[in-house]
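Take the sequence shown: its letters are residues 171 to 353, numbered as in my numbering. Read through the structure below, which is laid out as structure tokens, and then see the notes.
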Amino acid sequence: MTRIVVIDNHGQFTHLERRALRDLGVDTELVDNDTDPADIDADGIVLSGGPDMDRIGRSPDYLDLDVPVLGICLGMQILAEELDGRVGSGDYGGYADVDVEILDEDDPLIGSLAPETRVWASHADEVKEVPEGFTHTATSDVCTIEAMSDADRDLYGVQWHPEVAHTDEGEEVFENFIDICER
């Protein structure tokens with residue numbers, strides 16, 4: 171059975187990420203972000219959202235485990251920050267429903283949502299520049315970089331929260347990530 175570990179970066183919706191994966195038939199566990207990477211046995215990792223970069227624990231170390239990674243909100247920002255992209259304050263701020271345009275219909279994580287989807291997202295901070303090797307895969311009126319992917323390294327990020335009911339096709343994002351982890 172596919173095993174995906176959710177790294178707890180202290181976000182208010184983290185438990186819903188684990189639940190969404192469990193409901194899709196995945197063996198999943200929520201682990202603290204200070205867990206030693208050597209203690210993580212997984213076919214994939216979700217870096218959860220959270221309040222800020224000061225509380226990400228050992229999250230950067232999990233990028234070296236050679237398994238697919240899905241960064242959600244703060245998790246996407248961790249990917250960008252650690253891999254020499256750029257993160258900054260968003261112009262919009264708090265949580266809101268957002269219409270997101272999918273820019274790459276061949277993207278393994280979100281391409282199936284094309285041409286657009288409605289999501290629930292926070293834009294207090296956001297990725298301003300994708301790291302080298304990443305493709306900018308989604309955009310919106312309130313955030314230029316809503317999603318990014320490096321399919322060669324199986325590293326993916328979305329600014330929005332696929333785990334909440336307000337996101338129209340969130341389950342499909344998790345299904346696509348499970349498919350990535352199973353290939």
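Yeah, the Cβ is synthetic: ideal placement off N, Cα and C, and Gly gets one too.
field: Meets three-Cβ-pair contact criterion under 8 Å: the region 321-340 and the region 276-295
entry: yes
- request: Scan the region 229-278 and note each continuous alpha helix (DSSP H) run of 4 residues or more that stays entirely inside, going in chain order.
  value: 244-252
- request: Run the CB neighbour count on residue 221, radius 10 Å, all protein chains shown included, and call it buried at 16 or more, exposed below.
  value: exposed
task: Would you identify the three-state DSSP class for residue 305, choosing helix, strand or coil?
output: strand
message: What does the Cβ neighbour count give for residue 251, buried or exposed, with the cut at 16 atoms within 10 Å?
response: buried
field: 8 Å CB neighbourhood of residue 238 in its chain, flanking five on each side removed
entry: 213, 214, 215, 324, 325, 326, 347, 350, 351
Straight-line gap, residue 225 to residue 183 (C-alpha atoms, nearest Å): 15 Å
Helix, strand or coil at residue 223 according to DSSP, with G and I counted as helix: helix
task: Measure the beta-carbon distance from residue 255 to residue 296 and round it to whole angstroms, keeping in mind my assumption that it falls under 8 Å.
output: Going by Cβ atoms, the distance from residue 255 to residue 296 rounds to 11 Å, so no, they are not a contact pair.
field: Identified DSSP bridge partners for residue 354
entry: The structure shown does not extend to residue 354, since the chain is modelled only from 171 to 353, so the question has no answer here.
- prompt: Cα separation between residue 305 and residue 209?
  reply: 31 Å
message: I need the DSSP call for residue 349, collapsed to helix, strand or coil.
response: helix
query: For residue 204, which of 198, 217, 264 has the nearest alpha-carbon?
result: 217
query: Out of curiosity, what's the CA-to-CA distance linking residue 265 and residue 316?
result: 14 Å
query: Considering only C-alpha positions, which residue in the set 197, 249, 242 is nearest to residue 233?
result: 249
task: Select from 279, 242, 196 the residue whose C-alpha is nearest the C-alpha of residue 178.
output: 242
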